[in-house]
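Novice: One structure, pasted below without further comment.
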Amino acid sequence: MTERMPDGLAVAIIPARGGSKGVPGKNLRRVGGVPLVERAVRAASAAAGVDLVVVSTDGDAIAAVARDAGARVVIRPAELSGDTVSSESALLHALDVLEADGIRVATVVFVQATSPFIPADGIAEAVAHITAGRFDSVFSAYETYGFLWRRDAGGTAQAINHDATHRPRRQDREPHHLETGAFYAFTADGFRAAGHRFFGRIGIVEVPEASAIEIDDEQQLAVAEALAAASAVPADSDPHDLADPHDLATASANRCETVPICESVQSADADEPITASVLVTDFDGVHTNDTASVDSEGRESVRVSREDGMGVSRLRRASIPMLILSTEQNPVVARRAEKLRVPVLHGIDDKATALASWAAAHDVPLAEIAYVGNDVNDLGALALVGWPIAVANAHPAVKAAARVVLTRRGGEGAVREVIERMLAR
0 MTERMPDGLA VAIIPARGGS KGVPGKNLRR VGGVPLVERA VRAASAAAGV
50 DLVVVSTDGD AIAAVARDAG ARVVIRPAEL SGDTVSSESA LLHALDVLEA
100 DGIRVATVVF VQATSPFIPA DGIAEAVAHI TAGRFDSVFS AYETYGFLWR
150 RDAGGTAQAI NHDATHRPRR QDREPHHLET GAFYAFTADG FRAAGHRFFG
200 RIGIVEVPEA SAIEIDDEQQ LAVAEALAAA SAVPADSDPH DLADPHDLAT
250 ASANRCETVP ICESVQSADA DEPITASVLV TDFDGVHTND TASVDSEGRE
300 SVRVSREDGM GVSRLRRASI PMLILSTEQN PVVARRAEKL RVPVLHGIDD
350 KATALASWAA AHDVPLAEIA YVGNDVNDLG ALALVGWPIA VANAHPAVKA
400 AARVVLTRRG GEGAVREVIE RMLAR
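In numbering that gives the first Met the number 0, the protein residues as written are 0 to 424.
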């Protein structure tokens with residue numbers, strides 16, 4: 000980052016709410032093994048001209064990841080955390096907090112965590128335009144020569160940017176720019192006065208089309224993960240690495256040998272020790288086979304593995320802490336945890352927040368935790384830890400988020416397998 004500017008700092012602000020309906024735990028979901036919010040922090044931190052990176056959030060788990068990535072965290076109040084709250088409101092709140100702390104902000108870079116492939120030098124160009132006074136606000140966009148259409152009230156197609164009766168060659172058509180939503184930059188004073196990200200002289204920072212991917216649903220997340228896996232695109236990629244989406248789809252995974260970030264995203268070998276210092280597990284689907292028997296009185300029972308019990312006993316003798324974290328509020332969870340002599344948090348809806356709070360209370364770095372899960376409600380917690388682990392029969396999204404996929408299924412020795420690999424370190 001640059002030295003402090005006498006007239007104020009250039010501050011990148013990343014709004015990242017904890018709630019998301021389209022993609023649960025979206026800002027903590029991983030692309031290329033890295034949580035989306037961390038990718039945004041890395042890209043902004045790597046951009047020349049950015050003095051400070053700030054994450055505005057209402058989520059403890061997001062805050063923990065952001066701090067570990069090197070960002071300053073601003074906790075936003077409840078009234079600014081709902082689905083209908085604008086990004087501008089979160090930005091203004093963050094500016095108020097910073098300036099109350101004596102930090103003078105001259106240039107704001109609004110970065111969207113939901114864009115996984117943000118080019119750092121695109122952000123740098125945006126900052127340079129604002130600080131040099133060439134524009135009052137700028138935004139990222141990619142050049143397109145596409146023919147755009149819309150439907151009228153009756154459903155009939157109507158041409159927008161062209162004459163439908165005339166089809167000129169690409170080289171004879173006027174290019175347009177499609178806004179990506181990845182980042183914006185503007186003067187802080189102008190933004191306060193306008194209350195919006197577009198004002199004054201508006202400029203465009205051209206970025207590659209591949210960097211325009213934005214995560215709003217599971218399908219887009221899967222596409223982003225596939226591109227990251229195929230090309231080993233780091234969180235702060237140079238835009239030239241993203242110049243052609245077709246190249247991304249065919250790039251060799253061997254590029255990981257030269258990209259430092261790949262060291263943390265490649266799956267561990269089947270016999271590689273797990274070097275975590277703490278083990279946290281889900282219960283149903285990990286300690287059990289995710290089924291339950293119900294008697295005529297409505298009482299539930301589950302099937303567990305004695306092998307797992309022996310493994311937990313060995314882990315305890317090795318003085319390695321363990322925690323069970325379960326969504327279910329069920330006596331059987333508490334009874335099994337009591338028999339294993341393992342602490343348990345159950346009835347937990349937001350596992351990521353609960354795990355982050357537990358880790359902070361016990362002074363345990365998230366990077367040193369191994370978390371074993373099996374279903375989509377584990378994705379937030381998996382995104383936080385250094386060793387995200389999936390049982391062999393886990394949901395495909397969980398396997399995709401895991402650093403290690405076990406050979407054993409839940410309830411059939413999966414916990415024992417993890418423990419043996421932890422003890423083998």
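Positions of the beta carbon are idealized from the N, C-alpha and C atoms, including for glycine. Only a predicted model underlies this, so the values are computations on that prediction, with no experimental measurement involved.
1. Would you check if the region 184 to 195 and the region 92 to 110 touch, i.e. whether three or more CB-CB distances between them fall below 8 Å?
2. According to DSSP, is G202 helix, strand or coil?
3. Could you give the first and the last residue of the continuous alpha helix (DSSP H) run that contains G372?
4. Just to confirm the assignment, what range does the alpha helix (DSSP H) spanning P115 have?
5. Which runs of the alpha helix (DSSP H), 4 residues or longer, sit entirely within the region 88 to 158?
6. Thinking V52 and R71 are a contact (beta carbons under 8 Å), I'd like their distance in whole angstroms, please.
7. Decide if V204 is buried, meaning its Cβ has at least 16 other Cβ atoms within 10 Å, or exposed.
8. Do the CB positions of S55 and A77 come within less than 9 Å of each other?
9. Checking the sheet assignment: what are the DSSP bridge partners for E450?
10. Please name the residue or residues paired with T56 in a DSSP beta bridge.
11. Measuring alpha carbon to alpha carbon, tell me which of R172, A152, G153, G154 ends up nearest H161.
12. Cβ of S304 within 9 Å of Cβ of G410?
13. Quick check: the Cα distance between V36 and H128, rounded to an integer number of angstroms?
14. Could you tell me whether the region 59 to 75 touches the region 138 to 146, using the rule of 3 or more Cβ pairs below 8 Å?
15. Could you check where the alpha helix (DSSP H) with S356 kicks off and where it finishes?
16. Span of the alpha helix (DSSP H) holding S331?
17. Please identify the residue among Y370, P174, R196 whose C-alpha is closest to the C-alpha of L381.
18. Please name the residue, chosen from I319, G297, L79, that lies closest to A423 on a Cα-to-Cα basis.
19. Checking the sheet assignment: what are the DSSP bridge partners for H345?
20. Given this structure, state the Cα-to-Cα distance separating A11 from H92, to the nearest angstrom.
21. Only counting the same chain, and skipping five residues up and downstream in sequence, which positions put a Cβ closer than 6 Å to that of T113?
22. When the Cα atoms are used, what is the spatial distance from A119 to V390?
23. Relative to the C-alpha of H176, which candidate in E208, G32, P167 has its C-alpha closest?
24. Please name the residue, chosen from G81, L94, R16, that lies closest to D59 on a Cα-to-Cα basis.
25. With H, G and I counted as helix, E and B as strand and the rest as coil, what does DSSP make of L405?
26. Quick one: residues in its chain with C-beta nearer than 8 Å to the C-beta of E299, no 5 flanking neighbours on either side, listed in chain order?
27. Can you list, in chain order, the residues of its chain with a C-beta nearer than 7 Å to that of P387? Leave out the 5 residues immediately preceding and following it.
28. Measure the CB-CB distance between L322 and V285 and report whether it falls below 9 Å.
29. With burial defined as no fewer than 16 other Cβ atoms inside 10 Å of the residue's Cβ, what is the status of S312: buried or exposed?
30. Let me know if R41 comes out buried or exposed under the rule of 16 or more other beta-carbons within 10 Å of its beta-carbon.
31. Locate the alpha helix (DSSP H) running through P387, then write down its first and last residues.
32. Looking only at its own chain, which residues have a Cβ that is under 7 Å from the Cβ of V96, when we skip the five neighbours before and after it?
33. How would you write the range of the beta strand (DSSP E) that P395 sits in, first residue to last?
34. Would you mind working out which of E367, A393, A351, V222 sits nearest G379, comparing C-alpha positions?
35. Would you call the CB atoms of R133 and R200 closer than 9 Å?
36. For P14 and G154, what's the separation of their Cα atoms in angstroms?
Specialist: With the given structure in hand:
1. yes
2. strand
3. G372 -> not in any alpha helix (DSSP H); beta strand (DSSP E) instead, spanning 368 to 372.
4. Annotation for P115: no alpha helix (DSSP H) segment contains it, and DSSP assigns it neither H nor E.
5. Qualifying alpha helix (DSSP H) stretches, in chain order: 119 to 130.
6. 7 Å
7. Under this definition V204 is a buried residue.
8. no
9. Because the chain in this structure spans residues 0 to 424, residue 450 falls outside the shown range and cannot be described.
10. I74
11. It is R172.
12. Their beta carbons are under 9 Å apart, which means S304 touches G410 by this criterion.
13. 25 Å
14. no
15. 350 to 360
16. Correcting the residue identity first, residue 331 is Val in this sequence and not Ser. That run of the alpha helix (DSSP H) goes 330 to 339.
17. Checked all of Y370, P174, R196; the closest Cα to L381 is Y370.
18. I319
19. S325
20. 14 Å
21. In the same chain as T113, and ignoring 5 residues on each side of it, the C-beta atoms closer than 6 Å to its own belong to E213, I214, in chain order.
22. 36 Å
23. Distances from the CA of H176 to each of E208, G32, P167 were compared; the closest alpha carbon is that of E208.
24. R16
25. The three-state reading of DSSP puts L405 in coil, since its state is none of H, G, I, E or B.
26. Counting only Cβ-Cβ distances below 8 Å, and skipping sequence neighbours, we find A291, S292, V293, N329, V331.
27. Within the same chain, P387 has close Cβ partners Y370, L381, A400, A401, R402.
28. Cβ distance not < 9 Å, so L322 and V285 don't count as in contact.
29. exposed
30. buried
31. From DSSP, P387 is part of no alpha helix (DSSP H) but of the beta strand (DSSP E) over 386 to 389.
32. V73
33. That residue, P395, is in no beta strand (DSSP E); its alpha helix (DSSP H) goes 395 to 400.
34. A351
35. yes
36. 37 Å
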